[in-house]
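Asker: Using the numbering used here, the letters of the sequence shown map in sequence onto residues 5 to 172. Backbone N, C-alpha and C define an ideal beta-carbon position, used for all residues, glycine too. Bear in mind that the values here come from a model prediction, so they are computed numbers and not experimental data. Have a look at this one.
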Amino acid sequence: MPSNARPPVDQLLGQTPARQGFVGRRLTVLGRALRLRCPRCGRGALFEGWFSMRPKCSVCELDLKREPGFYLGSIYVNYGLTALFVTFVYPACMLFTNWPDKAVLGVLLAFCVVFPVWFFRYARSIWLGFDQVIDPDPLDPQLAERSADPWAIRSSEADAAGKGSGPL
Ligand SMILES: [Zn+2]
Numbered sequence: 005m006p007s008n009a010r011p012p013v014d015q016l017l018g019q020t021p022a023r024q025g026f027v028g029r030r031l032t033v034l035g036r037a038l039r040l041r042c043p044r045c046g047r048g049a050l051f052e053g054w055f056s057m058r059p060k061c062s063v064c065e066l067d068l069k070r071e072p073g074f075y076l077g078s079i080y081v082n083y084g085l086t087a088l089f090v091t092f093v094y095p096a097c098m099l100f101t102n103w104p105d106k107a108v109l110g111v112l113l114a115f116c117v118v119f120p121v122w123f124f125r126y127a128r129s130i131w132l133g134f135d136q137v138i139d140p141d142p143l144d145p146q147l148a149e150r151s152a153d154p155w156a157i158r159s160s161e162a163d164a165a166g167k168g169s170g171p172l
């Protein structure tokens, strides 16, 4: 997509949680991750297939490939949730049900194989969102010069113009 086909920067910023607080920003990025959307603009799809990520966001052109090995971190998300689920569900089944031990183990073993494959895209999306919360990619080089925090660009612009801070 040619760069001149991008929506205006202000339109993109309207999609960002610029006026949200610490928790609100993270919840917004988490919501975008669970919808498999770009963590920066919330609009571009991250995947073009089950396992195939797009190289860039089709809307804001965020580089989705990142650096080599970046998505190894998503394994922690995927493995962590799988292990956490099994850690709580297995003892709960043993304590509160009369289900046979081997049946519970069989079901949980199948879960440990199927769930990470299904959750693969979400784990990557959550990891990418986590990265954007911790170390956000500026939306636009010109705007990045004015603010290191792309979430705050809109409010800093409003303050500079002396218009105060209104809702988005
Ligand atoms: Zn985007």
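Residue 67 bridges to which residues according to DSSP?
Answerer: As a first step, residue 67 is located in the sequence shown; it is residue number 63 there, counting from the start. DSSP lists 60 as partners of residue 67.
Asker: On the criterion of 16 or more Cβ atoms from any shown chain inside 10 Å, does residue 39 qualify as buried, or is it exposed?
Answerer: As a position in the sequence shown, residue 39 is number 35, starting the count at 1. Label assigned to residue 39: exposed.
Asker: Tell me residue 41's beta-bridge partners as DSSP assigns them.
Answerer: Residue mapping note: residue 41 aligns to position 37 of the sequence shown, counting from 1. Answer is 49.
Asker: Expressed to the nearest angstrom, what Euclidean distance is found between the alpha-carbon atoms of residue 120 and residue 132?
Answerer: Your numbering for residue 120 matches position 116 in the sequence shown. Your numbering for residue 132 matches position 128 in the sequence shown. Their backbone Cα atoms lie some 17 Å apart in a straight line.
Asker: Please report how far the alpha carbon of residue 63 lies from the alpha carbon of residue 29, in whole angstroms.
Answerer: Taking the first residue of the sequence shown as position 1, residue 63 is located at position 59. Taking the first residue of the sequence shown as position 1, residue 29 is located at position 25. Near 20 Å, if we compare the C-alpha coordinates of residue 29 and residue 63.
Asker: Buried or exposed, going by whether 16 or more other CB atoms sit within 10 Å of the CB of residue 66?
Answerer: Residue numbering aside, residue 66 sits at position 62 when the sequence shown is read from its first letter. Under this definition residue 66 is a buried residue.
Asker: For a test of your reading of the model: does the CB of residue 33 fall under 8 Å from any non-hydrogen atom of ligand 1? Yes or no.
Answerer: What you label residue 33 is simply residue 29 of the sequence shown in a count that begins at 1. Not so, every heavy atom of ligand 1 lies at least 8 Å from the Cβ.
Asker: If you draw a straight line from the C-alpha of residue 111 to the C-alpha of residue 142, how long is it?
Answerer: Working through the sequence shown from its first residue, we reach residue 111 at position 107. Working through the sequence shown from its first residue, we reach residue 142 at position 138. Distance between the alpha carbons of residue 111 and residue 142: 45 Å.
Asker: Kindly give me the distance between the Cβ atoms of residue 48 and residue 61, rounded to whole angstroms, as I take these residues to be in contact under 8 Å.
Answerer: On the sequence shown, position 44 is the one that residue 48 refers to. On the sequence shown, position 57 is the one that residue 61 refers to. Right, their Cβ atoms sit about 4 Å apart.
Asker: Residue 90 to residue 125, Cα distance in whole Å?
Answerer: For the purposes of this step, residue 90 is identified with residue 86 of the sequence shown, where counting begins at 1. For the purposes of this step, residue 125 is identified with residue 121 of the sequence shown, where counting begins at 1. If you take the alpha carbons of residue 90 and residue 125, they lie about 20 Å apart.
Asker: For ligand 1, is there a heavy atom less than 8 Å away from the beta-carbon of residue 48?
Answerer: Counted from its first residue, the sequence shown places residue 48 at position 44. Yes, since a heavy atom of ligand 1 falls inside the 8 Å radius drawn around the Cβ of residue 48.
Asker: Nearest CA to the CA of residue 135: which residue from 117, 69 and 103?
Answerer: Here residue 135 refers to the residue found at position 131 of the sequence shown. Of the listed residues, the one whose Cα sits closest to residue 135 is 69.
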